[in-house]
Each structure stands twice: as C-alpha cells, then as structure tokens.
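Colleague: Got a structure for you, questions after.
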Amino acid sequence: MENYNGMGPGESWPLSWTPVEKSPVKRNKDYSYLLLPSELMIAEGLAVVLVNMDIAGTVLVTNYRLIFIGEDGKVVPLGTIPLGTIENAQLSTVKGPQQSTPRNAARVGYRGPIRHLLEVVGKDMRKIAYCFRPNSEQRESVFKAMTKFLLSPTLWDLYAFSSGLPPAFQSGDPMSRLHAEYTRILTGTDNKTDGPTNTSGSMRSSTPVKPGKSWWRISEVNLGYTMCATYPSRLIVPCSVSDEDIQQVMSFRARARIPAVVWRHGGNGAVLARSAQPLVGFLHSTRSPCDEKLLAGLCPPLGGSSSPPRKLYVADARPRTNAIANGALGGGTESPAHYPHIEVVFLGIENIHFMRESFTKLRDYLDTHGSASSDGSSSLLRAGDWAWGGASASSMASAVTALGQSGWLYYVHTILSNAAWIAGRVVMEGASVLVHCSDGWDRTTQLISLAQILLDPYYRTFRGFQALVEKDWLAFGHPFADRLGVPTFTGGNYTVEGLGHTPSESSAPVRNGPSSAFASSAPGAVRVTNNNESPVFLQWADCVAQLIRLYPRAFEFSLAFLVEFFDSVLSCRFGNFLCNSEKERVQANISDSTADIWTYLEKARSGGRAQHEHYNMLYEAGKHTGALLPPAAALTPSLWTEFYLRWSCPYGLNFKGCMPTGWGQGGDIENEARKSARSMSVLKTGKERAEMKLLEAQITKLALEEQLKAERQQKLAAITEAGQAQQETAALRRVLQAMGCKVRISKAHSGGNYSEGEILYEEDIEDKTDGSPHDQPDVDLNRTEPLAVSILLEGDSTAFHIRRACGVDGALSCSNVQTGDVCKWPQGRCARLGSAFLGLKADFQALQQLSILDCYFDPEHKGSTSSGIATSSQTPVVT
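In UniProt numbering, the protein residues as written are 1 to 879.
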C-alpha cells in the first residue's frame with residue numbers, strides 16, 4: 001500500500017492503489033454533458049470513494065445537486081442527490097474495521113484504522129458516505145460549497161428559480177384549474193360514485209334525491225387572501241350562508257380556516273368538508289351562531305324540502321385527550337348540544353412530532369449504515385455474513401422488532417382505516433363528513449384526500465391525482481416549506497454550526513436524533529433548527545401506495561410514478577411545492593418563474609406511451625367505477641419497498657452484482673406485466689411492419705397487374721394494327737403485282753444516295769402470287785439504318801412494247817423506255833395508274849389493219865398473245 005504525504009501516525013488510505021508515475025492531477029474537467037440547463041459546477045473532489053458501493057470516482061457540487069461520477073465517466077445514482085433532498089450532513093473521522101479484505105471482494109470491507117468521511121443523510125431514506133484522502137482540503141471545500149446552497153437563506157436561491165426550462169414547462173394558472181375542479185365537483189362531471197365496488201352484504205347504499213347545484217355556491221370572500229392567508233381565494237359554501245356569516249365564522253375557527261366543501265357525492269348529494277378546530281374554549285364556553293348555521297348548511301335534506309336533514313359526522317383526527325387539552329388553550333371540538341344532527345368521532349392520529357420520531361426510527365431500521373455497523377461498511381454485513389441471506393435468526397428477529405417499534409406501519413394503518421371509515425359514511429349512510437384536527441392542514445389533508453381517492457375514480461387517474469393534490473394539499477395550505485425543510489417566502493430554516501477543520505474522532509458516524517438533525521453539534525455538522533419538519537406528505541404517499549397494492553386495477557398510475565413524483569417534490573427543481581400557501585406562491589410568482597412538475601412528468605411518460613413505467617399495466621378503467629370500501633383487515637400495510645428499500649442494497653454489494661428479486665427494483669407483478677407489455681409491443685411492431693410490407697407487395701402487385709393489363713391492351717392494339725397493315729400490305733402487293741413492278745429494299749448512304757450493290761431485299765412481285773406466310777420476306781425489322789424502297793419496271797419483253805415506263809412522259813416513244821428504269825413514284829405520278837391501252841386510242845387505222853388469225857380461236861392458244869397485242873386476260877387492271 002502506498003502512503004500519502006501528510007497522513008498522521010497510524011493513518012492509512014483505505015484503498016490499495018496501483019503505483020504509477022506521478023503526474024499533475026487534471027482538474028476542472030468538462031462535465032457539461034452531465035449538467036442540466038442553468039446548472040453550474042461549484043466545487044470538485046477528486047479520487048473520492050463512494051463507501052456504500054466501494055467505487056472510486058469524482059464528486060461534484062453544483063447549484064442543484066451533489067453528483068458522483070464513477071471512473072467510467074457515468075453518474076452513479078446512489079451517490080447523486082439533489083441538495084433539496086439532503087436533510088443534514090457532516091464531516092467525520094471514524095475508525096475502520098480491524099479485519100482486512102480485498103477490494104471488490106464478495107464481502108466488501110475497507111482497510112485502515114482512520115477514515116475521513118463526508119456523510120449525507122437524505123429525506124428519501126438515503127445515507128451516503130464519501131471517503132476523501134487524508135488531510136485533503138477538497139473535503140472541506142466540497143462541504144462548504146454544498147452547505148452554501150443547501151442552507152439557502154432565501155427562496156430565490158433555490159435551483160427552481162434558475163432552472164432555465166422552456167416555457168412549455170411552466171405551470172399556467174393553478175387557480176383556474178382549481179375553479180374548473182370546483183365546477184366538476186358541483187356539476188358531477190366524471191363523478192361516477194353511485195355505489196361502492198367492494199362492500200359487505202349487510203350494508204346498503206341509500207339513494208336519496210341529491211340536492212342540485214343551487215344548494216352550493218363558490219364564494220370569493222377570501223379574494224386577495226384578506227380573511228385567511230392559508231386558504232384559497234375561492235371556497236365552496238352552502239347558499240344559505242352569506243359572506244358576512246362566513247367572516248364571522250373565520251373569527252371562531254383556528255387560523256380563520258372555516259368549514260369548506262371540497263367534494264360532493266354525485267349520487268346522494270353528501271359532501272366532504274374540512275376546517276380547523278373551533279375555538280370553543282374550556283368546557284365549550286364559547287359559541288358561534290354563524291358557525292352552527294354553516295354546519296347546518298352542510299346537511300342538505302335527504303329527500304324533498306320537507307325531509308329531515310342528513311346526519312353530519314365531525315371526524316376529529318386527534319386523540320380525545322389532545323382535543324380536550326387544546327380546549328384548555330382555547331381550542332377544542334364541537335359540542336353535540338350546540339350542533340344538532342352531528343356526531344363527533346375522534347380518530348386518534350398523533351401529531352407531526354410523533355410522525356417525525358417514527359420516521360427516524362424507520363430510517364434507522366433501513367439504514368445501510370445502521371448502529372450495528374456504523375463503521376462505514378454496509379449494515380447488510382452482520383458479523384461477516386449477509387444480513388439478507390445468512391444472518392443469524394436472532395438478528396433477523398430483532399430487525400422485525402425494530403420495524404414494529406418504529407410505529408410507522410401502525411400510523412399508516414390508522415390513517416388508511418379512518419379514511420375508509422369516512423368514505424363508508426358518505427356512501428353507505430349518505431351522511432356528510434367534516435374533518436378537522438388542530439390547524440386543519442396536516443392530518444386533515446391526509447384523511448380528506450385519501451377518502452376522495454376511495455370515493456371518486458377520477459382521482460385515481462393522472463389528471464385527477466393532479467387535481468386532488470393541487471386542491472387539497474396546495475390550495476388549502478399544507479405548509480410544504482415547513483414540513484420539507486426548505487426556505488419559506490420570508491426566509492430560511494437552517495443554520496450552520498462549527499465548520500471546523502478538525503472534526504471530532506469517533507468510532508461511528510454521528511446519527512440523527514428525534515429532532516431530525518444530527519444529535520451531535522460537532523464541528524463540521526449541519527444542524528436543523530426548524531422543529532416543524534415532518535414526513536406528512538411522504539406518509540400520505542405511502543398510504544396511496546398501499547391502496548395501489550390493494551387495488552392494482554383501480555389506479556392509472558403506478559408505484560414508480562409515486563416514487564418519481566415524491567423525488568421531484570423533494571428536489572426543489574420545480575416550484576409547485578414551494579412556500580406554505582397559495583398566497584405565498586402568488587406573491588413569489590411561482591407559476592411564471594419556475595418549471596411545472598406536472599408538465600415534466602407528463603412529458604416524461606408521453607415518450608414511452610402506455611409502456612412507460614409511470615403507467616399501471618394492470619389498470620382497467622371500467623373495473624372500479626364506484627367507491628372503494630376496503631374492510632379494515634385488508635388495510636394492513638406492508639413496507640413500501642419501491643421507495644424505502646431502493647437504496648438499501650446497492651447492486652455493487654449484491655452477490656455477483658445481481659439485483660435482488662422481490663424488491664422495488666424488480667420481481668413484482670407490475671414489472672413482469674410491463675415486460676410482457678414491452679414484448680407484446682415489439683411483436684405488435686413487427687406485425688405492423690409485416691402487414692405494411694404485405695400491403696406494399698399487394699399495391700405493387702396491383703400496379704403490375706394494371707401495367708400487364710395495359711400492355712395486353714397495347715398488344716391487342718398492335719395485333720389489330722398489324723392485321724390492318726397486313727391487309728393493306730396484301731392489297732398493295734396485289735396492286736404492285738397487277739402493275740408488274742419489282743420491289744427492292746436497299747441501304748442508304750450519307751447524302752441520301754443509294755447503292756444498288758447493297759441490296760438487302762428484292763422481290764419479284766409477279767412471282768409471288770399466293771401471299772402465303774412462308775413467302776414473306778425475312779427482313780430485320782429492328783434495324784436502325786435508314787432504308788430505301790424502290791419499285792422497278794419489270795423486264796417483260798411482251799409488255800415492254802405496249803407499256804409506258806413509270807415516270808416517263810406519255811409523249812415520248814415507247815422505244816425510249818429501257819428495262820430496269822427506276823419508278824418515280826411517289827415523288828411523281830405513277831404512269832401506270834391509267835389504262836395499259838392508252839397508246840391505242842389515237843391509232844384506229846392501225847387497229848383496222850390488224851388481221852385475225854384462225855389460231856386465235858384455237859383452245860390451245862387461248863389466253864396467249866399474237867402480233868404484239870396482249871389479250872384482255874393479260875392486261876393489268878389498276879383499281
């Protein structure tokens with residue numbers, strides 16, 4: 001092992017490095033390909049080891065996140081965390097294990113008695129340890145750069161205000177969407193909740209006449225947020241209550257959070273309402289007639305106007321003792337003596353401080369650097385064995401006990417069962433329910449939104465889930481900035497203590513205590529001073545995940561969508577969940593200054609279509625069109641492995657690098673269904689391509705058939721033309737035969753001269769009398785050379801004396817015509833187109849001098865010629 005200069009006595013570098021020649025360290029490498037828009041690199045740490053996975057690489061600090069880059073240049077997800085997701089961090093120097101094992105062996109361990117760590121605790125159940133070289137200044141520079149942006153003094157320092165995303169990712173107007181949701185609720189559009197889809201046989205759904213839209217109105221009494229700073233500007237209230245009455249009620253409810261309607265049953269007209277506790281004081285000494293009138297307005301009659309009003313349940317989310325204790329401080333709960341037709345039910349859910357402590361215990365249970373092995377190695381290693389495959393039975397039993405003692409699953413079950421109870425009262429009894437706790441923005445929001453998911457199938461879709469979160473969590477003022485520990489509109493929530501250069505030495509990393517900060521105030525630790533942090537929203541998302549597991553066909557979105565959604569909320573990359581109320585987000589101009597988380601998620605899943613991991617592959621829209629009313633026994637929760645266990649077993653620590661099955665990374669029914677869907681998509685794509693090729697082949701076939709048909713028609717036309725030409729040729733042959741001409745076809749020379757020595761074809765017309773096909777001249781019709789056709793005078797001695805040569809003037813003597821003279825046709829008129837006896841019409845005396853011999857009448861000489869005179873049978877006739 002090579003020691004580095006500057007290491008103290010007994011210190012050694014935990015990794016074995018291959019000795020190489022020393023060379024200057026290359027700093028400020030270009031990592032722009034890894035950065036998001038407007039993401040700036042602030043600090044860099046070289047030769048850093050990610051202890052969780054035993055991977056060496058580089059750690060970067062930007063204005064948005066902490067990035068760990070492996071030696072292969074790829075980002076390691078476990079070591080990369082947004083600054084907004086970091087809950088606390090510290091520098092520590094710890095003792096290493098005594099035993100020494102090879103690097104990257106099956107059982108991962110580190111050598112060396114002293115290690116210099118930067119430990120980061122995330123709000124997403126992560127605990128990350130980065131190991132730096134001894135006495136390296138990079139560790140402190142990275143830590144200071146991280147805390148500078150982690151503990152932003154103002155809201156405007158968050159990355160959400162400098163993300164630089166295009167306008168397409170802006171959120172638009174959330175108040176307009178809230179008004180549209182109010183209209184949907186009052187008109188009953190897509191509100192198919194006529195009856196339950198899972199009820200026991202002893203329960204029946206009542207079907208009273210539902211009150212019309214005229215029973216309710218949208219009030220603008222809080223326009224400008226002058227009456228209540230944590231409520232939306234518009235509220236649904238009964239028409240029987242005026243705005244003046246509402247103003248009186250605001251002074252009677254804690255933080256002016258009056259009872260307001262958030263949902264109405266489309267079938268029976270029952271409503272869900274929410275508020276803060278009434279300020280009745282000790283022994284219910286204070287009353288408010290306007291508040292009593294408003295609660296009476298939440299109970300429209302079951303039937304006609306003469307029917308009695310329906311029952312109103314007041315679901316107080318607190319334990320009874322807490323409600324009574326609040327009465328001594330001026331708060332309390334409603335008294336049935338002052339509110340007729342109501343029944344107060346205490347649901348027994350603890351406050352945010354209990355939930356924060358339970359979450360801390362849950363994280364200790366899941367911690368990969370738990371108290372049993374806080375030496376920097378994975379807590380999956382117990383006494384040299386794998387905790388998930390070879391640990392002792394006692395250690396596994398103690399782990400189960402620790403999970404139960406955290407109380408997390410108990411609280412999840414309590415919230416789920418109470419939400420199902422609320423939904424059952426609305427559906428089965430047709431009763432209205434008013435839910436409140438102390439302030440009406442934590443437990444109230446959890447219960448009222450879960451009840452609506454059970455009641456309304458619209459809220460189990462992507463669009464409906466967005467509308468539900470924007471209405472009940474954002475518009476009605478859940479303090480996200482306080483609960484998530486981010487800067488508010490008025491300032492920050494963190495301070496930094498003791499950024500010293502010599503962190504205290506300990507045998508184990510300092511662990512965070514119930515106050516959600518590190519228990520030690522050692523130098524180099526970030527301490528959280530805000531006591532209002534609590535995983536309220538995470539607990540609600542956990543409850544939704546339990547419902548998806550219970551009803552896998554009822555939800556359009558998947559568990560993977562919930563995980564990415566909550567990660568995006570924690571990251572502070574988007575502005576939707578900044579600030580504590582709608583009023584603060586309007587003042588900060590969040591909708592126009594930051595990117596929208598809903599648009600981002602929608603665009604992310606639009607690329608993968610229905611096969612994207614955000615879609616629930618088991619979803620059937622027509623399966624659960626009514627309310628979901630699960631029995632309490634079915635609501636027994638299990639650990640949300642997709643969120644809590646995704647960082648507990650990094651792939652580098654698994655046997656042979658294989659991912660464990662049955663965890664959040666794979667092995668469940670949904671992932672198998674998604675794989676099958678992707679396979680089906682590939683097969684479907686192949687089928688579509690084959691069908692397309694078949695269609696193209698069919699189109700080509702039709703085109704070829706049309707072409708063949710056209711060629712056949714052309715063939716028929718050519719045959720017809722050839723037959724006609726053949727007939728014409730035969731006629732011409734008969735004419736030429738009658739004329740006694742010879743046809744000669746010769747090759748033409750340049751200049752248009754023809755040579756008789758290059759005769760290609762010559763035919764004696766008078767010898768071709770039958771016109772049979774075998775007598776046709778064998779002429780190459782495909783020749784491209786120009787040809788000349790000549791018609792010559794036939795050398796017949798008998799016809800020579802009485803026939804006029806072609807093209808010879810009629811006044812010339814026949815004795816001047818020579819055999820073989822070239823015919824002047826078609827340039828000149830054919831001399832033989834007249835009668836062959838034209839020369840006789842002018843010499844009648846010669847005709848009288850002719851003697852008629854007796855032999856002319858002899859049968860043997862019939863048809864012969866005598867004295868140079870041709871018989872009429874030999875005389876050619878031209879027609």
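The beta carbon of each residue, even a glycine, is placed where N, CA and C say it ideally should be.
What are the boundary residues of the alpha helix (DSSP H) that isoleucine 324 is part of?
Modeller: Unbroken alpha helix (DSSP H) run through isoleucine 324: 320-328.
Colleague: Which one of Tyr458, Val544 and Phe476 has the shortest CA to CA distance from alanine 621?
Modeller: It is Tyr458.
Colleague: Select from Gly266, Glu44, Gln546 and Asn531 the residue whose C-alpha is nearest the C-alpha of phenylalanine 143.
Modeller: Nearest C-alpha to phenylalanine 143: Glu44.
Colleague: Can the beta-carbon of arginine 553 be found closer than 8 Å to that of tyrosine 619?
Modeller: Yes. Within cutoff.
Colleague: Under 7 Å Cβ to Cβ from phenylalanine 346, same chain only, skipping five residues before and after it: list those, please.
Modeller: Correct list, in chain order: Asp316, Arg318, Pro319, Arg320 and Ala323.
Colleague: From alanine 545 to leucine 186, what does the alpha carbon distance come to, in whole angstroms?
Modeller: Taking the straight line joining both Cα atoms gives about 28 Å.
Colleague: Quick one: Cα of methionine 125 to Cα of leucine 78, how far?
Modeller: Distance between the alpha carbons of methionine 125 and leucine 78: 11 Å.
Colleague: Using 8 Å for Cβ pairs, my map puts serine 593 next to glycine 575. What's the rounded Cβ distance?
Modeller: The Cβ separation is near 7 Å, so the contact holds.
Colleague: So, alanine 273 versus methionine 227, is the Cβ gap smaller than 8 Å?
Modeller: No, these two residues do not count as a Cβ contact at 8 Å.
Colleague: I need the DSSP call for residue 919, collapsed to helix, strand or coil.
Modeller: What is shown of the chain runs 1 to 879, which leaves residue 919 out entirely.
Colleague: Let me know the secondary structure DSSP gives arginine 287 once reduced to three states.
Modeller: Here arginine 287 sits in coil by DSSP.
Colleague: Using the rule of at least 16 other Cβ atoms within 10 Å of the residue's Cβ for burial, across every protein chain shown, is arginine 689 buried or exposed?
Modeller: Exposed: under 16 other Cβ atoms inside 10 Å.
Colleague: Figure out for me which residue from Tyr64, His353, Glu470 and Val49 has the closest Cα to the Cα of proline 37.
Modeller: Closest by alpha carbon: Tyr64.
Colleague: If you count every other CB in all the chains shown that lies within 10 Å of the CB of tryptophan 156, and 16 or more means buried, which is it?
Modeller: The residue in question, tryptophan 156, is exposed, as its Cβ has fewer than 16 Cβ neighbours within 10 Å.
Colleague: Pick helix, strand or coil for lysine 29, following the three-state DSSP scheme.
Modeller: Three-state result, lysine 29: coil.
Colleague: For asparagine 326, which residues from the same chain have a beta carbon less than 7 Å from its beta carbon, with the 5 sequence-adjacent residues on both sides left out?
Modeller: Gln277, Gly332 and Ser438, listed in sequence order.
Colleague: Measure the CB-CB distance between isoleucine 114 and valine 120 and report whether it falls below 8 Å.
Modeller: No, these two residues do not count as a Cβ contact at 8 Å.
Colleague: Answer yes or no: do alanine 431 and leucine 629 have a C-beta to C-beta separation smaller than 8 Å?
Modeller: The answer is no: Cβ separation not under 8 Å.
Colleague: What do you reckon, are the CB atoms on isoleucine 349 and arginine 443 nearer than 8 Å?
Modeller: Cβ atoms of isoleucine 349 and arginine 443: closer than 8 Å.
Colleague: Note down the Cα distance separating alanine 260 from aspartate 367, rounded to an integer number of angstroms.
Modeller: Computed Cα separation, rounded: 42 Å.
Colleague: Which of helix, strand or coil does DSSP assign to arginine 126?
Modeller: Correct three-state label for arginine 126: coil.
Colleague: Report, in whole angstroms, the separation of the C-beta atoms of alanine 423 and alanine 627, which I expect to be a contact under 8 Å.
Modeller: 6 Å between Cβ atoms; contact.
Colleague: According to DSSP, is glutamate 44 helix, strand or coil?
Modeller: If DSSP states are grouped into helix, strand and coil, glutamate 44 belongs with the strands.
Colleague: Across which residues does DSSP place lysine 715 in a beta bridge pair?
Modeller: In DSSP, lysine 715 forms no bridge with anything.
Colleague: Ignoring anything shorter than 4 residues, give me the alpha helix (DSSP H) runs that lie fully in the region 399-456, in order along the chain.
Modeller: Listed in chain order, the complete alpha helix (DSSP H) runs (minimum 4 residues) inside the region 399-456 are 408-429 and 443-455.
Colleague: Are there 16 or more other CB atoms within 10 angstroms of the CB of methionine 146, so buried, or fewer, so exposed?
Modeller: Methionine 146 is buried by the Cβ-count criterion.
Colleague: From the DSSP secondary-structure annotation, give me the bridge partner or partners of phenylalanine 132.
Modeller: Beta-bridge pairing links phenylalanine 132 to His116.
Colleague: From this set, Ser233, Cys299, Pro174 and Val59, which residue's C-alpha is nearest tyrosine 130's C-alpha?
Modeller: For tyrosine 130, the nearest C-alpha among the options comes from Val59.
Colleague: Taking the alpha helix (DSSP H) that leucine 484 falls in, what are its first and last residues?
Modeller: Run containing leucine 484: 480-484, per the alpha helix (DSSP H) assignment.
Colleague: Return the CA-CA distance between proline 232 and aspartate 243, expressed in angstroms with no decimal places.
Modeller: Cα to Cα, proline 232 sits roughly 15 Å from aspartate 243.
Colleague: Can you tell me whether cysteine 239 is buried or exposed? The criterion is at least 16 other CB atoms within 10 Å of its CB, across all chains shown.
Modeller: Per the 10 Å Cβ criterion, exposed.
Colleague: Just confirm the distance between the C-beta atoms of tyrosine 365 and leucine 295, as a whole number of angstroms; I'd bet it's less than 8 Å.
Modeller: 43 Å between Cβ atoms; not a contact.
Colleague: Using only CA atoms, which one of Met680, Thr62 and His624 lies nearest to serine 163?
Modeller: Considering only alpha carbons, the answer is Thr62.
Colleague: Determine, using beta carbons only, whether arginine 55 and glycine 70 come nearer to each other than 8 Å.
Modeller: The sequence as given places isoleucine at residue 55; arginine does not occur at that position. Yes, these two residues count as a Cβ contact at 8 Å.
Colleague: Measure the beta-carbon distance from serine 581 to alanine 229 and round it to whole angstroms, keeping in mind my assumption that it falls under 8 Å.
Modeller: Contact holds; Cβ gap of about 6 Å.
Colleague: So the alpha helix (DSSP H) lysine 603 belongs to, where does it begin and stop?
Modeller: Lysine 603 -> alpha helix (DSSP H) spans 597-606.
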